[in-house]
Structures are given as C-alpha cells and as structure tokens.
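Take a look at the structure set out below.
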Amino acid sequence: RIKPEPSSTVTTVDSYNATTWHDFTRFLDVGKGSQVSGMSELKKYFNRFGYLPIPDTNNFTDTFDTQFESVVLAYQTNLGLPETGKLDFDTISMIVLPRCGVSDTKTHDTRFQARKR
Amino acid sequence: YAYFYGKPRWTRQAPVILTYAFSQNNMIDYISIKDTRKVFKRAFSRWAQVIPVSFMEIEEYSSADIRIGFYHRDHGDGKPFDGVLGILAHAFSPENGRFHLDASETWALDLEKIKSRVAVDLESVATHEIGHVLGLAHSSVKEAVMYPSLSPRTKKVDLKIDDVDGVQALYGSNPNFKFSSLLASDNSFNKG
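Chains as they are written, first to last, in the numbering used here: chain A, 1 to 117; chain B, 1001 to 1192.
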C-alpha cells in the first residue's frame, strides 16, 4: 500500500484540526460493545440531527450498544453510505464534514417545523 | 428527496410570490450587501426556474415571508451555531420563513479569490436553505443540492433531478422549465 506524501497528509489534517467535529475521528472502527470516553458527545451529535432521542436518564452513555448501532445504520441509510452499522471510514468522514443544521429525520426534531405566527 | 413531517408548503393562491429581506443588524461586513443580494437572487432564481413560484426582495425585514440573517452562536431560536465549520446554516420549514447563516464561517462569493481552507461557498448554502424554506428536507442523494453536507471550498449550486422532482411534487412545474436544462452543470468540487 502506497503511503501519501507526508506534506499532503499534514495539509489535510491541518485544515480540519480546529473544527467542531474533528475529535470524532478517534472513534473510527470502534464497534458494538465498546465503551470509549467521549462517545456520549457523538451521541449528542446524532441526537441533534434527529437520529437518537434523549434517554430517560437525561445523559448519554459512552457505550456503543445495540440502539446506537441502529442509529449508525439509520444515519448511513439516510445519507446514502454503505450500511454497515459501524463507525467505518466512510461514516466518520461524513460525520466530521460541515453540514446544514436542519434535522435529517422527521421524528425526533420538530423545532424547524414551527408555524408562522 | 424528502419532506418535513406533514409535508408543509406555502399555501397561498397562485401566482405564488414570496418576498425575502435581509436583516439590517445581522449581516457580515466583509461581503457587500450588493454582492450578497446578487448571490441570493441567483439562488432564488434556480428554484423559481423549476416551480411556478417567484421571489422578490423587499426592504422591510419584519413583513417579508423569508427573513435572512447571519448569526453567531446562540441567537434565540433554540438552535445555536457552533463556530467555524460544523453547522453552516439552518432554515425553517413552510410557512415560517426564518433563514439563518452562521456568521462565524468564512463565507465566499468566489472560491478562486478566497484562500482560506475553511471558506464556504455562500451561494451553495443559500440554494440548499431555500430548499428547506420551500419544504424540502434532506436528500440521501449525494449529488443533490438538498444533501446535508458540504465540504469547505466546494460549490454545489445546480439543482439535480432529485431536487427538482421533490419541489415540483409540492408546487407543480414551471411551464417554462425543461428537464434537459439540468444536463448542463457547473458544479465543482474542491475547487482551488
């Protein structure tokens, strides 16, 4: 496998280092059953875009459980990504991209559907 | 294509004319209002070409159907922006009309002239958010304007068949529109 030139790698990383969701790249290939500190932040991301309701406890856990696997799968389906249910390269690459703030789903976020007063 | 829950649309009688205005107090200072107006006029016209809806800019912000402004962080609608990149903008479904852009972004009119690696093409985002204003939700078709993600330094302004099918199912077709016109595309990726 040919490695990219060091200079081009540095440039790419540099451009996104300080951006909002760059830290999520550390969850690449984390699988079901894993518990990784900070995964609750990734769950908040999915909550924000309509994929995951706030739990009864009001706090997201750091566990990659069955529910989270189905959330990842729904995200992949909605965005036309390979449907693996895993935090694979394609999925993480999409998560860190800048995007519109409107929810992707119809069910969990109704705030953009306010009626005109 | 997809719709918001309940498939809301602008319901006024034909001919449908929607007015839009820019906030006096919530704009960015490094792009002139004249240039901003041009960009939004082009973005609105892309949608107007495919549906029997026209858009007209007016001065009075409070009475406009579509109200456009640039905002930092928490701006009072329960959906705070998050600084550079992350969330770029959001707009509300019909017939609300709020259209907000993140003032923290490096907005660009011409990516050839802006060197920043985090520059975001204003016309691309404007075209996408107008889709929400009209009632389209996010599409799973990557090439569509209504796909939720947009890389920095990327221009994506031409409506695709998915966008056109979605909005025409809501409003009908503009009698002057021909699908063959979609074949010409000047979308560019990672320009510069």
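For every residue, glycine included, the Cβ atom is placed at its ideal position computed from N, Cα and C.
CA nearest to the CA of residue i, picked from the options
{"i": "B/A1014", "options": "B/T1036, B/I1028, B/Y1030, B/I1051", "result": "B/I1051"}
{"i": "B/L1018", "options": "B/K1034, B/F1040, B/V1053, B/N1025", "result": "B/V1053"}
{"i": "B/N1099", "options": "B/R1012, B/N1026, B/Q1168, B/K1142", "result": "The question names Asn, but residue 1099 of chain B in the sequence shown is Phe. Looking at the Cα atoms, B/N1026 is the closest of the given residues."}
{"i": "B/R1009", "options": "B/Q1024, B/H1075, B/Y1171, B/Y1020", "result": "B/Y1171"}
{"i": "B/R1037", "options": "B/D1029, B/R1046, B/F1022", "result": "B/F1022"}
{"i": "B/K1155", "options": "B/A1043, B/F1177, B/I1058", "result": "B/A1043"}
{"i": "B/N1096", "options": "B/Y1147, B/Y1030, B/H1132, B/N1174", "result": "B/H1132"}
{"i": "A/E69", "options": "A/M39, A/G101, A/T57, A/S93", "result": "A/M39"}
{"i": "A/D104", "options": "B/Q1024, B/V1016, B/V1141, B/D1029", "result": "B/V1141"}
{"i": "B/Q1168", "options": "B/A1048, B/H1075, B/S1116", "result": "B/A1048"}
{"i": "B/D1065", "options": "B/S1093, B/A1089, B/F1081", "result": "B/S1093"}
{"i": "B/I1028", "options": "B/K1007, B/G1069, B/F1055", "result": "B/G1069"}
{"i": "B/V1016", "options": "B/F1055, B/V1145, B/E1143, B/S1116", "result": "B/F1055"}
CA-to-CA distance, residue j to residue i, given in whole angstroms
{"i": "B/Y1003", "j": "B/H1138", "result": "8 angstroms"}
{"i": "B/G1078", "j": "B/D1121", "result": "25 angstroms"}
{"i": "A/P55", "j": "A/V71", "result": "13 angstroms"}
{"i": "B/Y1005", "j": "A/T19", "result": "31 angstroms"}
{"i": "B/E1060", "j": "B/R1067", "result": "10 angstroms"}
{"i": "B/Y1071", "j": "B/T1011", "result": "29 angstroms"}
{"i": "B/L1101", "j": "A/L81", "result": "27 angstroms"}
{"i": "A/T107", "j": "B/A1108", "result": "For A/T107, the pLDDT reaches just 44, beneath the cut-off of 50, and the residue's location in the model is therefore unreliable, leaving the point undetermined."}
{"i": "B/S1151", "j": "A/G33", "result": "32 angstroms"}
{"i": "A/D90", "j": "B/E1057", "result": "41 angstroms"}
{"i": "B/S1180", "j": "B/N1174", "result": "14 angstroms"}
{"i": "B/S1063", "j": "A/D23", "result": "42 angstroms"}
{"i": "A/S15", "j": "B/I1114", "result": "Any reading at A/S15 must be qualified, since the residue scores a pLDDT of 46, below 50, and its modelled position is unreliable; no value is offered."}
{"i": "A/K44", "j": "B/I1161", "result": "33 angstroms"}
{"i": "A/Q50", "j": "A/N78", "result": "Correcting the residue identity first, residue 50 of chain A is Gly in this sequence and not Gln. Looking at the two C-alpha atoms, the distance is approximately 11 angstroms."}
{"i": "B/Y1001", "j": "A/T61", "result": "33 angstroms"}
{"i": "A/W21", "j": "B/N1176", "result": "43 angstroms"}
{"i": "B/K1191", "j": "A/N58", "result": "With a pLDDT of only 44 at B/K1191, under 50, the local geometry of the prediction cannot be trusted, and no value is derived from it."}
{"i": "B/Y1020", "j": "B/I1033", "result": "14 angstroms"}
{"i": "A/L87", "j": "A/F27", "result": "7 angstroms"}
{"i": "B/S1104", "j": "B/Y1147", "result": "22 angstroms"}
{"i": "B/F1040", "j": "B/T1127", "result": "8 angstroms"}
{"i": "B/K1178", "j": "B/G1083", "result": "40 angstroms"}
{"i": "B/T1106", "j": "B/R1073", "result": "15 angstroms"}
{"i": "A/R99", "j": "A/T66", "result": "26 angstroms"}
{"i": "B/V1164", "j": "A/Q35", "result": "43 angstroms"}
{"i": "B/H1075", "j": "A/S93", "result": "29 angstroms"}
{"i": "A/P53", "j": "A/D29", "result": "23 angstroms"}
{"i": "A/G85", "j": "A/I95", "result": "14 angstroms"}
{"i": "A/T63", "j": "B/P1080", "result": "27 angstroms"}
Reduced DSSP category for residue i - H, G, I as helix; E, B as strand; rest coil
{"i": "B/Y1003", "result": "strand"}
{"i": "B/S1054", "result": "strand"}
{"i": "B/H1138", "result": "coil"}
{"i": "B/H1075", "result": "coil"}
{"i": "B/R1117", "result": "coil"}
{"i": "A/R26", "result": "helix"}
{"i": "B/N1174", "result": "coil"}
{"i": "A/R48", "result": "helix"}
{"i": "A/K86", "result": "coil"}
{"i": "A/T20", "result": "coil"}
{"i": "A/T63", "result": "strand"}
{"i": "A/K43", "result": "helix"}
{"i": "A/T11", "result": "Note that A/T11 scores 34 on pLDDT, short of 50, meaning its location in the model is unreliable; the coordinates nonetheless yield the value given after this. Three-state DSSP puts A/T11 in a helix."}
Start-to-end residues for the alpha helix (DSSP H) that takes in residue i
{"i": "B/R1037", "result": "1033-1048"}
{"i": "A/V72", "result": "66-78"}
{"i": "B/Y1071", "result": "Note, B/Y1071: premise wrong, no alpha helix (DSSP H); beta strand (DSSP E) at 1066-1071."}
Supposed contact pair residue j and residue i - C-beta distance, whole angstroms, cut 8 angstroms
{"i": "A/L97", "j": "B/S1149", "result": "4 angstroms"}
{"i": "B/L1182", "j": "B/R1153", "result": "Going by Cβ atoms, the distance from B/L1182 to B/R1153 rounds to 24 angstroms, so no, they are not a contact pair."}
{"i": "B/L1085", "j": "B/V1118", "result": "6 angstroms"}
{"i": "B/I1123", "j": "B/A1091", "result": "Reading the sequence as shown, one finds Glu at residue 1123 of chain B and not Ile. Between B/A1091 and B/E1123 the Cβ distance is about 15 angstroms, and since that is not below 8 angstroms, they are no contact."}
{"i": "B/L1134", "j": "B/R1046", "result": "That belief does not hold up - the Cβ atoms of B/L1134 and B/R1046 are roughly 11 angstroms apart, past 8 angstroms."}
{"i": "B/I1087", "j": "A/G101", "result": "4 angstroms"}
Run of the beta strand (DSSP E) containing residue i, from where it starts to where it stops
{"i": "B/Y1171", "result": "Per DSSP, B/Y1171 belongs to no beta strand (DSSP E); it is in the alpha helix (DSSP H), 1161-1171."}
{"i": "B/V1145", "result": "First-last for B/V1145: undefined, no H or E at that position."}
{"i": "B/Y1020", "result": "1016-1022"}
{"i": "B/T1106", "result": "1106-1108"}
{"i": "B/F1099", "result": "1098-1102"}
{"i": "B/H1090", "result": "1089-1091"}
Residue i CB to nearest heavy atom of the ligand ATP below 7 angstroms
{"i": "A/L81", "result": "The ligand ATP is not part of the structure shown, which contains no ligands of any sort."}
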